[in-house]
Each structure stands twice: as structure tokens, then as C-alpha cells.
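First comes the structure, then the notes that go with it.
Protein chains: 2
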Amino acid sequence: MPVDLTPSQALGLWHEVTSQQVQQDGRDLTLRQLAILLEIYLVPPPHTVRGLASKLGVTKPVITRALDTMGDLGLVTRMRDDRDRRNVIIKRTVDGALYLERLGDLIIARGRAQTA
Amino acid sequence: MPVDLTPSQALGLWHEVTSQQVQQDGRDLTLRQLAILLEIYLVPPPHTVRGLASKLGVTKPVITRALDTMGDLGLVTRMRDDRDRRNVIIKRTVDGALYLERLGDLIIARGRAQTA
DNA sequence: GGCAAACGATACGGTAGCGTAACGAAACGC
DNA sequence: GCGTTTCGTTACGCTACCGTATCGTTTGCC
Numbered sequence: 001m002p003v004d005l006t007p008s009q010a011l012g013l014w015h016e017v018t019s020q021q022v023q024q025d026g027r028d029l030t031l032r033q034l035a036i037l038l039e040i041y042l043v044p045p046p047h048t049v050r051g052l053a054s055k056l057g058v059t060k061p062v063i064t065r066a067l068d069t070m071g072d073l074g075l076v077t078r079m080r081d082d083r084d085r086r087n088v089i090i091k092r093t094v095d096g097a098l099y100l101e102r103l104g105d106l107i108i109a110r111g112r113a114q115t116a
Numbered sequence: 001m002p003v004d005l006t007p008s009q010a011l012g013l014w015h016e017v018t019s020q021q022v023q024q025d026g027r028d029l030t031l032r033q034l035a036i037l038l039e040i041y042l043v044p045p046p047h048t049v050r051g052l053a054s055k056l057g058v059t060k061p062v063i064t065r066a067l068d069t070m071g072d073l074g075l076v077t078r079m080r081d082d083r084d085r086r087n088v089i090i091k092r093t094v095d096g097a098l099y100l101e102r103l104g105d106l107i108i109a110r111g112r113a114q115t116a
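Shown next, in the form of C-alpha cells:
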């Protein structure tokens, strides 16, 4: 696994991972969409549209659109908040967890190859 | 610096970097564009449209479009190959090198914060 | 010279992203 | 109750990407 990465090695790792991801995954998420997805899965819930927007410094429609797209892909789901029905709670899905699990494994694998 | 990354930490690193990149950089390159840019800067030249297309498993118009966009952003340049004027040689630029240098530093900085 | 192959760019119709602005629904304040 | 604020979503016009197919140019081959 990667030990003491230099900036050059870090870019090499990014290169390996993005390249492989482009080749093998037909979904081709935007950088923004990926950031949103990671935020949802790595930060403790609950997640709302407004919260994600302010956290990432983008407008609300950007979040709505990203959730539409990733919802169609099965990576996330949305539910109304029953305690405050103005809010929408973003939920994780099994497919989304699998997607990120595969990404994590890819990074490790490439990182290992990188420093090997 | 990152030592012995677990898959979870790897995703955390990706999260930090994509998130910060989304927030601070207005350019918002596609994952494909980023992969192309990294290929150009990290793999020894010469680079051609056809070569990049086959290397990344995409069609030639994808490369042409990406080079158009990144050319407008000043990240790459193109020149005709004088020895075989059918070819186009993709050249690096100072701005492109700076862009990736900043990305590399960002990864290191976030990786350090990640494991700190 | 002339035909086929290779290269990168372009055209086309379609899809998905963007920012700004406005919208309906729900909660809050008085 | 009723205006105001706060949600998330939708509408609009625009830009940029996609894949497939085709184009013009250049080279290679005979």
C-alpha cells in the first residue's frame, strides 16, 4: 500500500485510478457528482439538499440534478422528512455502497501497483 | 503522508480531494478530461489523438473535443507533426503543468490531513 | 498516377449539465 | 388566520458532452 506519497506519485495514483475508472465504468459521473456521492456515504446522516449545497459550495439545483441522475443509476434515494415535510432526506442504497466499495478497492489496488 | 491506506481511508482521501477541487476550481473538468490530461503529462511523449483514444478506450471525437476544451483553458496545445502531416502532436503547457502541480499538492495535503 | 488506408476534425441529433429565476408546499411568527 | 421565510423542485435559455457517421488531407502501395 502507498507509503510516503510524493506529489508525483500522488498524481500517478490519480492517473491510474481515473484512467481505469474511465475504461471500465460506463457511468462516467461528473467530479461534482462524485463529490456529492462521497459526501453522502462518508459523512454521518442526515443529508439534505441544502446541506449538501452549502457543504460543497454549489447551488441547490446542482444537487437536485445530481440526485436525479444518481437516483436513476440507483446510487442514492430520497425520502420526505416526516418531521419537517419541507425537507428531503437523502438515503444510501446497496448499489451505491457497492459502487464506492469497488472504487475504494480500485484505489488501493492501483496505489499498491503505484509504489510496487 | 498517507501510510498503509485502507479502502475506507482511500475513499476518504478521494472525498477530501474531490470536494476541495469542486469548491475551489471553477473549471470542473470531466473525469475523462482529467484522465486525458494526466495521461498527457505523466506518460512520455509523443501523444496523438489516436494513441490517447486507444489508451483510454474511447472514440477519437472524445479526444478531439477534450483537447478543444482543455486547449481553450490553456492546459494543452496541438501541433501538426511535420514528419507525418496526418498526425497531430499534443503538447504540454506551463499552465497545464501548474494545474496538475496544484492537484498533486492538494492530494498530498489532504492525504496528510486524512491520516493525521 | 491512382487507389486504398490512416489520421484528425467536423456534422448531426440527442442528452445532460450549467446559472438564474420563479414556483408550490410546508413551517414559523405574531 | 395570514404574511414571511425556508424547503426542494421546476422552468428557461444556454453550453458542452455523447456516439455514429462522414469529411478532407496526407501517406503508402503498386
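Line by line, the protein sequences give chains A and B.
Mind the numbering: the first sequence is residues 1 to 116 in the UniProt record's numbering, read in order.
Mind the numbering: the second sequence is residues 1 to 116 in the UniProt record's numbering, read in order.
The beta carbon of each residue, even a glycine, is placed where N, CA and C say it ideally should be.
From a predicted model like this one, the values you see are computed outputs, not experimental measurements.
Is the beta carbon of residue j closer than 8 Å to that of residue i?
i: I40 (chain B); j: V76 (chain B); result: yes
i: L56 (chain A); j: I36 (chain A); result: yes
i: I90 (chain A); j: R78 (chain A); result: yes
i: M70 (chain B); j: Q33 (chain B); result: yes
Report the CB separation of residue i from residue j in whole angstroms; it is logged as a contact under 8 Å.
i: L31 (chain B); j: D28 (chain A); result: 6 Å
i: T93 (chain A); j: G111 (chain A); result: With a Cβ gap of about 27 Å, T93 (chain A) and G111 (chain A) do not count as contacting.
How about the segment 5-17 of chain B and the segment 103-110 of chain A: do they share at least three Cβ pairs that are nearer than 8 Å?
yes
Output needed in chain order: residues of the segment 103-114 of chain B with a Cβ under 8 Å from some Cβ in chain A.
L103, G104, D105, I107, I108 and G111
Stretch-stretch touch, CB-based, cutoff 8 Å, three pairs: the segment 12-26 of chain A with the segment 52-66 of chain A:
no
Short of 8 Å Cβ to Cβ, which residues in the segment 19-40 of chain B face chain A?
S19, Q21, V22, Q23, D28, L29, T30, L31, R32, L34, A35, L38 and E39
Jot down the residue ranges of each uninterrupted beta strand (DSSP E) in the UniProt domain "HTH marR-type" (1-116) of chain B, minimum 3 residues, whole runs only, in chain order.
76-80 and 88-92
Mind checking the segment 47-69 of chain A against chain B and listing, in chain order, the residues whose C-beta falls within less than 9 Å of any C-beta there?
Those residues of the segment 47-69 of chain A that come within reach of chain B (Cβ to Cβ, closer than 9 Å) are K55, L56, G57 and V58.
Could you list the residues in the segment 87-99 of chain A with a C-beta less than 9 Å from some C-beta on chain B, going in chain order?
The segment 87-99 of chain A vs chain B, Cβ under 9 Å: nothing.
Where the segment 4-15 of chain B meets chain A: residues whose CB sits under 9 Å from a CB there:
D4, L5, T6, P7, S8, Q9, A10, L11, G12, L13, W14 and H15
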